[in-house]
Each structure stands twice: as C-alpha cells, then as structure tokens.
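Peer 1: Each residue of the sequence shown is one higher than the one before, counting from 62 in the working numbering. Beta carbons are placed, not taken as given, at the ideal position from N, Cα and C, and that holds for glycine. Mind having a look at this structure? Questions to follow.
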Amino acid sequence: MYLLIPLFIILGSLFGVLFIVWRKVPYLKKITDPVSASSIDLTPLAFFSDFFPEVAGYFKRVDLGSYKNHLMKELEKFLRRLRVISLKLDSFTNKLLAKIKTENVRNGHSLAQEFKEGAEVKTIQRKESLTERAKKEEQALIIEIAKNPKNPELYKKLAEVYLSVKNFSDAKESLETALELDPEDQQTKEKLEMVRGLLS
Numbered sequence: 062m063y064l065l066i067p068l069f070i071i072l073g074s075l076f077g078v079l080f081i082v083w084r085k086v087p088y089l090k091k092i093t094d095p096v097s098a099s100s101i102d103l104t105p106l107a108f109f110s111d112f113f114p115e116v117a118g119y120f121k122r123v124d125l126g127s128y129k130n131h132l133m134k135e136l137e138k139f140l141r142r143l144r145v146i147s148l149k150l151d152s153f154t155n156k157l158l159a160k161i162k163t164e165n166v167r168n169g170h171s172l173a174q175e176f177k178e179g180a181e182v183k184t185i186q187r188k189e190s191l192t193e194r195a196k197k198e199e200q201a202l203i204i205e206i207a208k209n210p211k212n213p214e215l216y217k218k219l220a221e222v223y224l225s226v227k228n229f230s231d232a233k234e235s236l237e238t239a240l241e242l243d244p245e246d247q248q249t250k251e252k253l254e255m256v257r258g259l260l261s
C-alpha cells in the first residue's frame, strides 16, 4: 500500500502536466512566425500571462486604480486610529506613573511613622523588661538576705539593683545597711554620698 501512494502522486502530476499542455495546444498553433530570442519578454508577469492568459486577462480587466485609492484611504484611517490610541496610551501611562509616585510618597511617610512608633514601642518594652528583671533580682536578693542578713555584699548588690531603676531612696537604705555591717568599706561610703547628693 505504501508503494501505491508515490505511484498515485506521480500519475496525478503527469495528468496535470498533460492537461496544461492540452489546454495550450490551440494557443501554440496560432503562432505561425518564429519568435526571435530578443523579442521574448522574460519578465515574471509576461511568463505568468503566457501560461495563464485567462487569469492575466481577468486582472487586466479589473480597475486596480480604484482599489488602490480605497486601500490608501483605509490605510490612512488605520494610521489615524493608531495615533489616537498611542496618544491615549501615553496619557494613561503618565497618569499611572504619577499615581504610583504619589503612592510611594505616602507609603514612605507611613513607613517612617510605623518605624517611629515601632521604635517607641521597643523603648517602652525595653523599660518594662528592665523593670521586671530588677524586680526579680530584688526578690532573689531579699530571699538571700533573709537567709544571711549579716552579709554586706548582698545589700550592695541590692543597692545596685535599685540604682538601675533609679530608685535612689531604697538604694540609700541598702547602702547604709551595708556600711553598718562593714564601716571600713570606702567604696560604699563614696557611693552612699553620691546617692544622697542625688536625693538632695
């Protein structure tokens, strides 16, 4: 079966060539004078006209000038519409860019405000965490002092905790107690004088 397909194609092509030649026989008989090689028109249009005179005659009868004018008018309309569309698109893109720029400025202000508020919140949280840590250290030191009330170092540490949260009155009391337990501690005396100066 696969061998028959090329055979059919060859036969069809042969019949087509024979049909074209058969159609051209009357035209060839009309030519009585031999044509010189110099008088033969070798242009593609002449070649097409010689082989397909009916089609060439149809195109010669058609008024191509009117079609050309109509085509030029339609092309002019299309170019005008294209220009209008391009102008509208340009205007739209300019408005869109302006809107994006405005939104970016607004977002920049809002981001700056959010950053500022976030920094304030972090500062408050840091203060709260410092206070909470000081309370925990205070409670732990009070428990240690209850176990060993004669240890001046515990009172010094407690005074440091109070100073970290600027509780100068409790810091003064803790330093006074530490100095009573260790009167020779010069550093504690100096720190106590400093705290008294802050309270005065």
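What is the DSSP secondary structure of S235, reduced to helix, strand or coil?
Peer 2: Position 174 of the sequence shown holds residue 235. DSSP places S235 in helix when its eight states are reduced to three.
Peer 1: Give the straight-line distance between the Cα atoms of F69 and P87, rounded to the nearest whole angstrom.
Peer 2: By 1-based counting over the sequence shown, the position of residue 69 is 8. By 1-based counting over the sequence shown, the position of residue 87 is 26. Approximately 29 Å between the Cα atoms of the pair.
Peer 1: Does DSSP put K227 in a helix, a strand or coil?
Peer 2: Numbered from 1 along the sequence shown, position 166 holds the residue referred to as residue 227. Reduced to three states, the DSSP call for K227 is coil.
Peer 1: Whole-angstrom Cβ separation of S235 and A220, contact assumed at under 8 Å?
Peer 2: Along the sequence shown, read from residue 1 onward, the residue named residue 235 stands at position 174. Along the sequence shown, read from residue 1 onward, the residue named residue 220 stands at position 159. The Cβ separation is near 4 Å, so the contact holds.
Peer 1: Distance, Cα to Cα, Q248 vs M255?
Peer 2: Position 187 of the sequence shown holds residue 248. Position 194 of the sequence shown holds residue 255. Going from the Cα of Q248 to the Cα of M255 covers about 11 Å.
Peer 1: In angstroms with no decimal places, state the Cα-to-Cα distance between L148 and L158.
Peer 2: As a first step, residue 148 is located in the sequence shown; it is residue number 87 there, counting from the start. As a first step, residue 158 is located in the sequence shown; it is residue number 97 there, counting from the start. Spanning the two alpha carbons is a distance of roughly 15 Å.
Peer 1: Quick one: what's got a C-beta closer than 8 Å to L191's C-beta in the same chain, skipping five residues either side?
Peer 2: Within the sequence shown, residue 191 is the residue found at index 130, counting from 1. Excluding sequence neighbours, L191 sits near S225 and V226.
Peer 1: Taking 6 Å as the limit between beta carbons, can you name the residues of its chain near L132, skipping five residues before and five after?
Peer 2: One-based indexing of the sequence shown puts residue 132 at position 71. Closer than 6 Å at Cβ, skipping near neighbours: no residue.
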